[in-house]
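S.K.: My questions will all concern the structure given below.
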Amino acid sequence: MTRDDVHREATTPPLEMMTRLVIGDIELFSFVENRTLSDGGAMYGVIPKSLWSKSSTADENNLVPMDTNLLLIKTRKLKILVDCGLGDALTDRQKKIYGCHSPSRLDECIARLALVPEDIDIVIASHLHLDHIGGAFAGHPDDIKPRFPRARHIIRDIEWNTAMNPDDRSMAAYPTEMLRRFEEFGLIEMIDSDIEAGPGVKLVLTGGHTRGHQVVEIESGEQKVIFCADMIPVAGNLKPTYIAATDLFPLETLEYKKKLIEDAVRYNWILALDHDTEYKFVTLKRENGKTVPVKQGEPFLVAMSSCSQNIRDSKKSTR
Ligand SMILES: [Zn+2]
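When you number the sequence shown by the numbering used here, it's gap-free, plus one each residue, and the end is 538.
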């Protein structure tokens with residue numbers, strides 16, 4: 220086995236990792252767009268490895284597998300995709316930066332959900348780092364097209380401005396040129412305040428990870444789900460001070476996280492985690508002073524044979 224083979228094997232998530240959750244009259248699906256290898260230290264910031272290694276297992280190069288978990292929200296009238304993963308319009312350099320060794324599963328997952336890209340009404344970007352917006356681009360990296368040609372792509376203006384003029388530290392994480400080209404398709408809806416993207420689907424600015432980072436709060440039938448994006452990427456980050464080194468404003472992350480975790484325990488809110496390989500939807504409980512995640516939702520897997528037409532359609536529409 221070559222090193223590439225080993226990496227590919229380590230970064231091929233099992234297909235059964237689609238999870239379905241219903242709250243009130245909203246149906247939610249968490250699915251894995253890709254699996255990457257990330258530096259363990261980067262995931263936990265100032266926390267020494269002797270501590271964080273109890274939460275995440277790293278390989279001999281200190282790499283930890285991380286999923287790009289996307290969220291599909293199906294309301295009565297709308298199909299809303301929260302975050303797009305890395306996608307497949309990537310340069311070799313981008314693949315390297317993000318530890319991406321496997322092909323994107325975005326088209327396949329959309330088909331397994333019995334949808335084609337044209338069905339998506341709204342795309343929400345929690346922020347514009349490549350592993351959250353890349354899947355919005357189809358085609359060749361130098362000649363991108365929208366993957367979801369009918370969708371309004373809702374983007375925070377502060378985040379857009381940061382992505383257009385990234386500081387030296389953030390430059391490698393933003394696909395600035397691709398975003399500039401994408402803008403020409405006229406699908407971007409820029410927002411400058413918290414809004415409701417659809418009934419029961421609210422976008423809330425958090426800052427913390429980036430200046431314009433936002434989370435998505437979904438509420439129906441007196442239940443609430445929060446897609447907290449990179450504020451709590453993996454279950455190991457449920458300890459308030461276990462904050463990624465990539466966060467530009469870690470004290471904002473700390474403040475947001477402490478309050479969110481407290482409220483989630485008290486009101487039994489469900490959190491959707493965007494990078495965990497194991498925990499997709501969780502409630503939280505307190506055990507001996509620790510915050511413990513409890514899995515929610517059910518495995519969801521549709522046989523590919525019943526989706527082959529969808530796959531063909533989705534190939535046609537994105538090539
Ligand atoms: Zn990010």
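No residue lacks a Cβ here, since even glycine has one placed at the ideal position from N, Cα and C.
Quick check: D350 and I377, are their CB atoms within less than 9 angstroms of each other?
M.R.: What you label residue 350 is simply residue 131 of the sequence shown in a count that begins at 1. What you label residue 377 is simply residue 158 of the sequence shown in a count that begins at 1. No. Outside cutoff.
S.K.: Kindly list the residues whose CB is nearer than 7 angstroms to the CB of M409, restricted to its own chain and excluding five residues on each side of it in sequence; keep chain order.
M.R.: On the sequence shown, residue 409 is found 190 positions in, with the first residue counted as 1. Closer than 7 angstroms at the Cβ level, and outside the excluded window around M409, lie I374, D376, W379.
S.K.: Less than 8 angstroms between the CB of E449 and some heavy atom of ligand 1, yes or no?
M.R.: In the sequence shown, residue 449 corresponds to position 230, counting from 1. One point to set straight first is that residue 449 is Asp, not Glu, in the sequence displayed. Flag set: Cβ of D449 near ligand 1.
S.K.: If you measure between the beta carbons of G358 and G304, is that distance less than 9 angstroms?
M.R.: For this step, residue 358 is matched to residue 139 along the sequence shown. For this step, residue 304 is matched to residue 85 along the sequence shown. It is not a contact, given that the beta carbons lie outside the stated cut-off.
S.K.: Candidates W271, R324, P418, T230: which alpha carbon is nearest T460's?
M.R.: Translated into positions along the sequence shown, residue 460 becomes position 241. Of W271, R324, P418, T230, the residue nearest in Cα terms is W271.
S.K.: Would I445 and V434 qualify as a contact pair, given that the criterion is a beta-carbon distance under 9 angstroms?
M.R.: By one-based count along the sequence shown, residue 445 stands at place 226. By one-based count along the sequence shown, residue 434 stands at place 215. Contact flag set, yes.
S.K.: At which residues does the alpha helix (DSSP H) containing N380 begin and terminate?
M.R.: For the purposes of this step, residue 380 is taken as the residue at position 161 of the sequence shown. Residues 376-383.
S.K.: Helix, strand or coil for K421, going by three-state DSSP, please let me know.
M.R.: For the purposes of this step, residue 421 is identified with residue 202 of the sequence shown, where counting begins at 1. Three-state result, K421: strand.
S.K.: Out of C319, I339, E327, which one is the CA nearest neighbour of K296?
M.R.: Taking the first residue of the sequence shown as position 1, residue 296 is located at position 77. Looking at the Cα atoms, I339 is the closest of the given residues.
S.K.: Under the rule that 16 or more other beta-carbon atoms within 10 Å means buried, what is Y486, buried or exposed?
M.R.: Start at 1 with the first residue of the sequence shown, and residue 486 comes out as number 267. When all chains shown are included, Y486 counts as exposed.
S.K.: Can you tell which of D493, E471, L309 has the C-alpha that lies nearest to the C-alpha of S345?
M.R.: The residue given as residue 345 occupies position 126 in the sequence shown. Considering only alpha carbons, the answer is D493.
S.K.: Which residue spans inside the stretch 318-394 form an unbroken alpha helix (DSSP H) run of at least 4?
M.R.: Fully enclosed alpha helix (DSSP H) runs of 4 or longer: 325-331, 349-352, 376-383.
S.K.: Pick helix, strand or coil for P518, following the three-state DSSP scheme.
M.R.: Here residue 518 corresponds to residue number 299 of the sequence shown, with the count starting at 1. In the structure shown, P518 sits in a strand (DSSP, three-state: E or B).
S.K.: Round the Cβ separation of L467 and T429 to the nearest angstrom and send it over; I've been treating them as touching at under 8 angstroms.
M.R.: On the sequence shown, position 248 is the one that residue 467 refers to. On the sequence shown, position 210 is the one that residue 429 refers to. The pair is a contact, with the Cβ atoms about 6 angstroms apart (cut-off 8 angstroms).
S.K.: If you follow the beta strand (DSSP E) that I543 is part of, which residue opens it and which one closes it?
M.R.: For the chain, the structure presents residues 220 to 538; residue 543 sits outside this window and is missing.
S.K.: Between I341 and G417, is the Cβ-Cβ spacing less than 9 angstroms?
M.R.: The count along the sequence shown starts at 1 and reaches residue 341 at position 122. The count along the sequence shown starts at 1 and reaches residue 417 at position 198. Closer than 9 angstroms, so yes.
S.K.: Locate the alpha helix (DSSP H) running through D311, then write down its first and last residues.
M.R.: Counting from one through the sequence shown, the residue named residue 311 turns up at place 92. First-last of the alpha helix (DSSP H) with D311: 311-316.
S.K.: Tell me whether the beta-carbon of T238 lies closer than 9 angstroms to the beta-carbon of E436.
M.R.: For the purposes of this step, residue 238 is taken as the residue at position 19 of the sequence shown. For the purposes of this step, residue 436 is taken as the residue at position 217 of the sequence shown. Going by C-beta atoms, T238 is not nearer than 9 angstroms to E436.
S.K.: Using 9 angstroms as the threshold, is the C-beta distance between I363 and M390 below it?
M.R.: Reading the sequence shown from its first residue, position 144 is the one you call residue 363. Reading the sequence shown from its first residue, position 171 is the one you call residue 390. Result no, Cβ atoms of I363 and M390 do not sit closer than 9 angstroms.
S.K.: Jot down the residue ranges of each uninterrupted beta strand (DSSP E) in the stretch 272-303, minimum 3 residues, whole runs only, in chain order.
M.R.: Listed in chain order, they are 282-293, 298-301.
S.K.: Whose C-alpha, out of M236, L290, E252, R222, is nearest the C-alpha of E246?
M.R.: On the sequence shown, position 27 is the one that residue 246 refers to. Closest option to E246, Cα to Cα, is L290.
S.K.: I need the DSSP call for R505, collapsed to helix, strand or coil.
M.R.: Residue mapping note: residue 505 aligns to position 286 of the sequence shown, counting from 1. Of the three classes helix, strand and coil, the one that applies to R505 here is strand, per DSSP.
S.K.: Using CA coordinates, which residue listed in T496, N507, I489 is at the minimum distance from V513?
M.R.: Locating residue 513 in the sequence shown gives position 294, where the first residue counts as 1. Residue I489 is the option with its Cα nearest to V513.
S.K.: Can you say whether R399 is buried or exposed, counting buried as having 16 or more other CB atoms within 10 angstroms of its CB?
M.R.: Mapped onto the sequence shown, residue 399 falls at position 180. Classification of R399: exposed, given that the 10 Å Cβ count is below 16.
S.K.: Could you name the residues of the same chain whose beta carbon sits closer than 7 angstroms to that of N281, not counting the 5 residues immediately before and after it, in chain order?
M.R.: Translated into positions along the sequence shown, residue 281 becomes position 62. Correct list, in chain order: D258, G259, G260.
S.K.: Note down the Cα distance separating E506 from S321, rounded to an integer number of angstroms.
M.R.: Locating residue 506 in the sequence shown gives position 287, counting from the first residue. Locating residue 321 in the sequence shown gives position 102, counting from the first residue. If you take the alpha carbons of E506 and S321, they lie about 37 angstroms apart.
S.K.: If you draw a straight line from the C-alpha of P368 to the C-alpha of I480, how long is it?
M.R.: Looking up residue 368 in the sequence shown gives position 149. Looking up residue 480 in the sequence shown gives position 261. Straight-line Cα distance between these residues: approximately 37 angstroms.
S.K.: Does ligand 1 have even one heavy atom less than 8 angstroms from the beta-carbon of D350?
M.R.: Taking the sequence shown and counting its residues from 1, one reaches residue 350 at position 131. Yes, since a heavy atom of ligand 1 falls inside the 8 angstroms radius drawn around the Cβ of D350.
S.K.: First and last residue of the alpha helix (DSSP H) that includes R430?
M.R.: Working through the sequence shown from its first residue, we reach residue 430 at position 211. No alpha helix (DSSP H) contains R430, which DSSP labels as neither H nor E.
S.K.: With a CB to CB cut of under 6 angstroms and the five nearest residues on each side skipped, what residues in its chain are close to E228?
M.R.: If you number the sequence shown from 1, residue 228 lands on position 9. Contacts found: none.
S.K.: Assuming G455 and S323 are in contact, meaning their beta carbons sit under 8 angstroms apart, how far apart are those beta carbons, in whole angstroms?
M.R.: Residue numbering aside, residue 455 sits at position 236 when the sequence shown is read from its first letter. Residue numbering aside, residue 323 sits at position 104 when the sequence shown is read from its first letter. That belief does not hold up - the Cβ atoms of G455 and S323 are roughly 25 angstroms apart, past 8 angstroms.
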